[in-house]
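Student:
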Amino acid sequence: MSRPPKDPSGPFADAGNGGTPEDRRSAGTQPSGPVRPRAVAVISGVVAAEATALLAAAGWYGFQLASGAPVMSFWGAVFTLGLLLAFAAWLYAVAVFLFRGFRWPRAGALVAQLLVLTIGFPTLTAGLPAAGAAMLIPAGAAIVLLFDKRVIRFASRAASDPPAL
Numbered sequence: 000m001s002r003p004p005k006d007p008s009g010p011f012a013d014a015g016n017g018g019t020p021e022d023r024r025s026a027g028t029q030p031s032g033p034v035r036p037r038a039v040a041v042i043s044g045v046v047a048a049e050a051t052a053l054l055a056a057a058g059w060y061g062f063q064l065a066s067g068a069p070v071m072s073f074w075g076a077v078f079t080l081g082l083l084l085a086f087a088a089w090l091y092a093v094a095v096f097l098f099r100g101f102r103w104p105r106a107g108a109l110v111a112q113l114l115v116l117t118i119g120f121p122t123l124t125a126g127l128p129a130a131g132a133a134m135l136i137p138a139g140a141a142i143v144l145l146f147d148k149r150v151i152r153f154a155s156r157a158a159s160d161p162p163a164l
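Residue numbering for the sequence shown follows numbering that gives the first Met the number 0, beginning at 0 and increasing consecutively.
Here you go:
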């Protein structure tokens with residue numbers, strides 16, 4: 000027993016029924032799918048900006064380490080540099096896959112924003128209001144947008160379909 004194709008005008012359809020998806024794309028019509036809400040792009044941008052900031056911090060930390068800045072433990076500093084680089088890579092992955100509509104990055108983005116809040120509040124109260132606000136405002140906006148029903152609906156793809164044999 001065979002299943003009907005997901006796209007009735009797929010590769011086995013004749014040219015009179017719309018042709019292949021590539022033919023429709025070249026004709027200027029896009030396949031219909033879930034529309035990406037702007038909130039997803041905003042959240043992905045915030046997470047990517049945080050990843051870029053971590054990457055810049057890792058670069059500065061690595062430069063200081065290479066230039067001979069005094070540290071208590073050299074290998075502890077190398078480990079910290081590795082953590083900064085790994086967390087930046089993880090945040091880039093969260094941003095990309097959230098933008099694509101996968102489900103798992105929502106949790107990662109929420110955890111990252113909560114971690115930013117735990118650093119932003121003490122920064123704000125320690126006399127650095129600009130730096131604290133630069134952390135708190137985007138993180139707060141991303142948290143609110145993560146629970147928007149359009150974002151939840153869009154970011155509900157678990158994984159791609161298994162490949163056919």
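Note that CB positions come from ideal geometry on N, CA and C, so glycine has one too.
Would Leu114 and Ile142 qualify as a contact pair, given that the criterion is a beta-carbon distance under 9 Å?
Tutor: no
Student: Classify Phe101 as helix, strand or coil using the three-state DSSP reduction.
Tutor: strand
Student: Would you mind working out which of Gly61, Val46, Ala106 sits nearest Ala154, comparing C-alpha positions?
Tutor: For Ala154, the nearest C-alpha among the options comes from Ala106.
Student: Note down, in chain order, each residue of its chain lying with its Cβ closer than 7 Å to the Cβ of Ala56, except the 5 sequence neighbours on either side.
Tutor: Leu83
Student: Judging by CA-CA distance, which residue of Val77, Arg156, Ile118, Ala68 is the nearest neighbour of Glu49?
Tutor: Ile118
Student: Taking contact to mean 3 or more Cβ pairs, one atom from each stretch, closer than 8 Å, check whether the segment 35-53 and the segment 91-102 are in contact.
Tutor: yes
Student: With a threshold of 6 Å on Cβ separation, who are the neighbours of Tyr91 within its own chain once the five nearest residues in sequence on each side are excluded?
Tutor: Ala50
Student: So for Arg35, helix, strand or coil by DSSP?
Tutor: Three-state result, Arg35: coil.
Student: Between the alpha carbons of Ala111 and Met134, how many angstroms are there, rounded?
Tutor: 11 Å
Student: Do you know how far the Cα of Ala85 is from the Cα of Ala38?
Tutor: 26 Å
Student: Tell me whether Ala14 sits in a helix, a strand or coil according to DSSP, three-state version.
Tutor: Residue confidence is low: Ala14 scores 46 on pLDDT, short of 50, so the model does not pin down where it sits. Its coordinate-derived value is still stated next. DSSP places Ala14 in helix when its eight states are reduced to three.
Student: Among the candidates Ala87, Phe73, Phe78, whose CA atom is the shortest distance from the CA of Ala52?
Tutor: When C-alpha distances from Ala52 are compared across Ala87, Phe73, Phe78, the shortest belongs to Ala87.
Student: Roughly how many angstroms lie between the CA atoms of Leu144 and Ile136, to the nearest whole one?
Tutor: Computed Cα separation, rounded: 12 Å.
Student: On the CB-based measure, 16 or more other CB atoms within 10 Å of its CB, does Pro128 come out buried or exposed?
Tutor: exposed
Student: The alpha helix (DSSP H) that contains Pro137, what's its start and end?
Tutor: 128-145
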